[in-house]
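Notes to accompany the following structure.
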Amino acid sequence: MTNDKETNKDKSEEYVRQTGPLKERLGRVKTTRWWRFGIVALIYVLWTIWMGNPWLLLGLLLLADIYLTQYLPWGAWKGLKNKPLKTLMSWVDAIVYALVLVYFLFLFVGQNYQIPSSSLEKSLLTGDFLWVNKVVYGPRVPQTPLHFPLAQNTLPILGCKSYIETPQLPYHRLKGLRNVERMDIVVFNFPAGDTVALNSTNPDYYTQCLMYGRDVVRNNKDRFGEIIYRPVDRRDNYVKRCLGLPGETLQIKDGIVYVNGKAIPQPKNVQYFYYVETDGTQIGDDLFEELGISVDDRHHAQDMYGNIIPNIYTLPLTADMLKSLKAKPWVQSVQRCQPDESESVSTYPLGADYGWTHANYGPIWIPKKGAKVDLSLRNLPLYERCIKNYEGNTLEVRGDQILINGKPATSYTFKMDYYWMQGDNRDNSLDSRYWGFVPEDHIVGTPAIILISFDKDHRLFDGGIRWNRIFKLPNPDKR
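My numbering applies: residue 263 is where the sequence shown begins, and numbers increase by one.
Following this line, the structure appears as structure tokens:
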């Protein structure tokens with residue numbers, strides 16, 4: 263009987279609190295609730311100032327109703343008599359609150375990111391889980407605001423899009439602590455990921471079109487799948503090291519990167535592929551483990567017919583790894599692998615044969631916001647994607663004439679800054695040498711810390727966790 267009276271009393275108080283004029287509603291608000299509202303409102307006002315949009319201050323009315331006036335029945339489910347339904351609604355309430363919090367955290371502060379490939383080894387290892395700081399360069403206001411916060415572009419299990427393409431907002435970046443600097447490790451959206459063939463393992467649709475022909479890729483759905491377009495902020499995340507900044511001229515000679523004619527320092531753990539010839543001794547797993555060479559990178563050389571050469575290996579080595587191998591008495595010779603000159607047609611810009619390879623590339627000028635470049639049929643392939651795909655112009659060539667937005671053009675002034683990104687695993691990295699510049703609106707952030715690291719070559723509790731990498735700085739080359 264007592265419990266029934268208490269329940270009725272609670273319901274009565276809840277009813278009174280949610281009814282009556284504004285003055286009475288505010289008078290019944292507890293002091294602790296005022297404090298909660300004050301803290302949340304202060305954070306919201308500071309966020310509005312950061313966003314630079316005063317219209318967002320209207321959101322204070324919604325916060326005031328949630329915490330104070332409650333004209334909308336936010337907690338109506340708490341009065342449900344059906345206990346299972348009440349429990350379910352309490353879970354829904356908690357999950358929605360958590361998703362909203364995660365959404366804002368991932369958008370404006372940072373997010374976790376997994377290293378999926380070996381392009382930055384040994385600076386970052388496959389299986390590293392990073393916390394990516396978005397505040398450093400300034401977080402982007404979402405261009406695709408309606409998306410699931412825990413998925414980049416595809417919902418797990420369901421396999422469908424994790425976002426709704428409409429509406430699309432213009433690019434805007436909030437003020438950060440600094441700009442991208444040389445030697446920064448940067449997470450960004452894959453520039454060539456605007457168009458994707460869903461069934462293909464190759465992420466670069468444009469390379470596939472070059473290899474097989476555009477009509478073959480688009481008309482062969484059994485092999486390549488549906489062809490879709492992805493907005494900038496929903497494209498796959500990549501991570502590379504920034505070597506070239508806006509307005510600079512970059513060139514690569516025998517793998518060494520030169521900026522404005524001067525060689526830049528190489529990362530401590532930069533890797534190149536080498537032929538390692540032994541006296542017939544086979545390199546064992548223990549030595550591979552000691553050197554830090556993963557199972558995927560342990561290869562024998564092959565002859566022109568594809569036959570394995572038992573005593574010659576092709577291995578990615580840092581300077582320290584190279585020194586260690588050369589000291590082995592059974593190693594007869596170590597030689598740097600030379601690039602295949604025929605690969606020049608697959609380097610950026612695709613289909614335009616400048617005779618460049620991944621080890622000997624350029625010189626190439628990196629576009630800068632507000633800078634003007636003189637255009638010719640010779641250099642147009644270098645900047646075509648910037649002008650058309652990234653900055654939203656129409657571009658066509660009629661005979662010897664270049665037309666931008668339907669008008670003859672002999673020059674172009676860029677609207678954004680662009681960057682040149684490469685992997686530290688120089689001979690095994692799909693980077694700017696293959697798909698070009700990274701526009702500023704594709705920049706996501708920079709890794710701040712390694713959260714945890716898993717070695718896929720070992721079982722979880724048998725060396726599968728790299729304990730020595732937990733909470734380590736991901737970029738010791740940049741202080």
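Don't be surprised by glycine CBs; every beta carbon is placed ideally from N, CA and C.
Proximity of residue i and residue j at Cβ, strictly below 8 Å
i: Ile711; j: Phe676; result: no
i: Phe450; j: His720; result: no
i: Gly487; j: Arg435; result: no
i: Val532; j: Thr580; result: yes
i: Arg290; j: Thr331; result: no
i: Arg598; j: Tyr520; result: no
i: Ser380; j: Asp547; result: no
i: Asp744; j: Pro529; result: Residue 744 is absent from the structure shown; the chain starts at 263 and stops at 741.
i: Leu325; j: Phe366; result: no
i: Arg503; j: Leu382; result: yes
i: Gly624; j: Ile489; result: no
i: Leu439; j: Val398; result: yes
i: Val700; j: Tyr674; result: no
i: Val593; j: Thr540; result: yes
i: Gly554; j: Tyr534; result: no
i: Asp693; j: Met678; result: no
i: Ala671; j: Leu637; result: yes
i: Asn395; j: Gly698; result: no
i: Lys345; j: Trp339; result: no
i: Pro591; j: Leu644; result: no
i: Tyr696; j: Thr609; result: yes
Boundaries (first-last residue) of the alpha helix (DSSP H) holding residue i
i: Met583; result: Ala581 to Lys588
i: Gln470; result: Tyr467 to Tyr474
i: Ile301; result: Thr293 to Met313
i: Val458; result: Careful: Val458 lies outside any alpha helix (DSSP H), inside the beta strand (DSSP E) at Thr457 to Ala459.
i: Tyr696; result: Ser694 to Trp697
i: Gly289; result: Leu284 to Gly289
Nearest-angstrom Cα separation, counted from residue j out to residue i
i: Asn499; j: Leu369; result: 14 Å
i: Gln600; j: Val371; result: 43 Å
i: Ile328; j: Val635; result: 54 Å
i: Leu361; j: Pro411; result: 7 Å
i: Tyr425; j: Ile357; result: 19 Å
i: Tyr474; j: Val458; result: 15 Å
i: Thr416; j: Thr469; result: 22 Å
i: Trp309; j: Val354; result: 26 Å
i: Leu284; j: Tyr333; result: 9 Å
i: Arg728; j: Lys718; result: 10 Å
i: Asn522; j: Phe716; result: 39 Å
i: Leu713; j: Leu722; result: 16 Å
i: Pro736; j: Pro709; result: 6 Å
i: Leu304; j: Ser586; result: 58 Å
i: Arg731; j: Gly314; result: 39 Å
i: Gln373; j: Gln414; result: 11 Å
i: Tyr491; j: Lys669; result: 27 Å
i: Gly542; j: Ile574; result: 9 Å
i: Val307; j: Leu363; result: 16 Å
i: Ala589; j: Glu552; result: 14 Å
i: Pro465; j: Gly455; result: 7 Å
i: Asp272; j: Tyr359; result: Low local confidence applies: a pLDDT of 49 at Asp272 is under 50, so the model's placement there is unreliable, and no value is given.
i: Ser556; j: Phe550; result: 7 Å
i: Tyr467; j: Arg647; result: 14 Å
i: Leu665; j: Lys384; result: 45 Å
Residue i, enclosing beta strand (DSSP E) - first and last residue
i: Gly517; result: Taken as a continuous stretch (DSSP letters only), Gly517 belongs to no beta strand (DSSP E), as it is neither H nor E.
i: Ala710; result: Ile705 to Ser715
i: Met683; result: Tyr680 to Gln684
i: Thr643; result: The question names Thr, but residue 643 in the sequence shown is Pro. From DSSP, Pro643 is part of no beta strand (DSSP E) but of the alpha helix (DSSP H) over Leu642 to Arg647.
i: Ile626; result: Tyr623 to Trp627
i: Glu702; result: Looking at the DSSP string, Glu702 is not in any beta strand (DSSP E), and its letter there is neither H nor E.
i: Asn451; result: Ile447 to Asn451
i: Lys437; result: Careful: Lys437 lies outside any beta strand (DSSP E) and carries neither H nor E.
i: Ser673; result: Ser673 to Thr675
i: Arg660; result: Leu657 to Arg660
i: Asp719; result: Taken as a continuous stretch (DSSP letters only), Asp719 belongs to no beta strand (DSSP E), as it is neither H nor E.
i: Arg444; result: Element bounds for Arg444: n/a, residue is neither H nor E.
Any C-beta of chain B under 8 Å from that of residue i
i: Asp548; result: Given the protein chain composition of this structure (a single chain), no chain B is represented.
When you compare the stretch 437 to 455 with the stretch 496 to 514, are there three or more beta-carbon pairs, one atom per stretch, that lie closer than 8 Å? Between the stretch 437 to 455 and the stretch 496 to 514, the count of C-beta pairs closer than 8 Å reaches three or more; the two stretches touch.
Could you check whether the stretch 676 to 690 touches the stretch 612 to 628, counting it as contact only if at least three pairs of C-beta atoms, one from each stretch, sit closer than 8 Å? Touching, per the Cβ criterion.
What are the start and end residues of each continuous beta strand (DSSP E) run of 3 or more residues lying completely inside the stretch 470 to 505, in chain order? Fully enclosed beta strand (DSSP E) runs of no fewer than 3 residues occupy 489 to 491 of the stretch 470 to 505, in order along the chain.
If you pair each beta-carbon of the stretch 404 to 418 with each one of the stretch 427 to 434, do three or more pairs fall below 8 Å? As far as the Cβ criterion goes, the stretch 404 to 418 touches the stretch 427 to 434, which means the pair count is three or higher.
Every unbroken beta strand (DSSP E) inside the stretch 379 to 427 [3 residues or more]: Counting whole runs of 3 or more residues, the stretch 379 to 427 contains the beta strand (DSSP E) stretches 390 to 395.
Give a yes or no on contact between the stretch 653 to 666 and the stretch 477 to 485, applying the rule of three or more CB pairs nearer than 8 Å. Short answer: they don't touch.
Flag this pair as touching only if the stretch 624 to 631 and the stretch 566 to 581 have three or more C-beta atom pairs under 8 Å; answer yes or no. Fewer than three beta-carbon pairs drawn from the stretch 624 to 631 and the stretch 566 to 581 are found closer than 8 Å, and the two stretches are therefore not classed as touching.
At 4 residues or longer, what runs of the alpha helix (DSSP H) sit wholly inside the stretch 320 to 375? Listed in chain order, they are 321 to 326 and 345 to 370.
Fully enclosed by the stretch 519 to 572, which beta strand (DSSP E) runs are 3 residues long or longer? Segments of the beta strand (DSSP E) lying fully in the stretch 519 to 572: 534 to 540 and 561 to 564.
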